[in-house]
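Numbering (the working numbering), first residue to last: 73 to 343. Ideal Cβ placement from N, Cα and C applies to all residues, glycine included. Shown next, in structure tokens, is the structure this report addresses.
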Amino acid sequence: MVTLAIASQKGGVGKTTVSVNLAYAMARRGWHTLLLDSDPQGSVGLSLSRKAQERFGFYDAVYSNHDVERLVQPTRLPELKILTSGQNLSFFEGSGSPEQEAGKVADVFGNLERRGFDLIVADTPAGMAGFTGHILKCSDFVVVPQQAEPLGARSIPYVLTALRHLRDSGHQVKLAGILLTMMQQGSEACEAVVSELRDLLPAEFLFRDMVPRDVDFLEASARGVPLGLLRDIAPSGALIFDKLAAELETRVKLRTEDHGYDRKTHTPLMD
Ligand SMILES: Nc1ncnc2c1ncn2[C@@H]1O[C@H](COP(=O)(O)OP(=O)(O)OP(=O)(O)O)[C@@H](O)[C@H]1O
Ligand SMILES: [Mg+2]
């Protein structure tokens, strides 16, 4: 099983959008996936279900010892399950020391590990500290969504330093990749950010594909669906998530390059 956190220092960069659409794309590709919402605002739940706020979820398991097994909810896609952030207000009241909270989060992830998922995709609150930090400590990989805008890229060194600190202190979390989001084709400012990042970072740090800026994403979250379910024929943004999911499989080692579909290994139609 692979635990993947979706995290960034900055807010509003597309973490929740990426979490929902990537988890859906991975489930569509056959992986038994749990989409876990650890944002106390409950963004994942709210974007997918109007009843989410009434349900117990992640923070109820963390603070009130609710049995996490019973909090995981099915969706209409059998391979995709959801753990909403829940009702527990202890998050806002700050009812534990950071060490206690980290221990409880580790217990919840330990329980989830025994449920036979192939993949947990955890949406996190903005920032690398607090609960995001606790979740990163339990994660194998992290995807860092990064808005393709001039000042946005400044937080990348901070994120990379935070990951190095976690690894230096014995945690295994690795960068699965930085994913550029809200990319506006034809915008010189966006293109400049992309080429600056390509110059600055090792090539493997960046996902090959980027998430375009598209009003369909706003409409999809307003309607409570992943983009792939917005219309009878999926909008093009959803196809990008299929490609990102395929790339993610290799990056997080769910599928090795040898079994992938790259040109060296694909099966020819005829000999
Ligand atoms: N590619 C996109 N194109 C257009 N709008 C987008 C795109 N991605 C996200 N949005 C919109 O931008 C807003 C912020 O996105 P989202 O909630 O996914 O960010 P976030 O990083 O989870 O924010 P927060 O830090 O508050 O949790 C939302 O209204 C969302 O619908
Ligand atoms: Mg969010």
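- Between the alpha carbons of T233 and E151 lies a gap of roughly 35 Å.
- About 30 Å separates the beta carbons of L302 and F277, which is beyond the 8 Å limit, so they are not a contact pair.
- If one requires a minimum length of 3 residues, the beta strand (DSSP E) runs lying completely within the region 92 to 141 are 105 to 109, in chain order.
- Rounded to the nearest angstrom, the gap between the Cα atoms of R327 and T204 is 26 Å.
- Membership of P150 in any beta strand (DSSP E) is not indicated, and neither H nor E is assigned to it by DSSP.
- In the DSSP assignment, D195 falls within the unbroken beta strand (DSSP E) covering 191 to 195.
- Residue burial is scored here from C-beta neighbours: P298 has at least 16 other C-beta atoms within 10 angstroms and is therefore classed as buried.
- Residue pairing by DSSP puts K246 in a beta bridge opposite F213.
- Sorted by position in the chain, G83, G84, V85, G86, K87, T88, T89, A198, M254, V283, R285, D286, F289, L290, S293 make up the residues whose C-beta lies under 5 Å from a heavy atom of ligand 1.
- As the crow flies, the alpha-carbon of F181 is around 15 Å from that of S136.
- For L76, the uninterrupted beta strand (DSSP E) run begins and ends at 74 to 78, by DSSP.
- Just measuring C-alpha positions, the residue of M255, L272, L251 sitting nearest P229 is L272.
- DSSP places Q81 in the coil class of the three-state scheme, outside both helix and strand.
- In the DSSP assignment, T322 falls within the unbroken alpha helix (DSSP H) covering 308 to 323.
- For I228, the enclosing alpha helix (DSSP H) covers residues 228 to 240.
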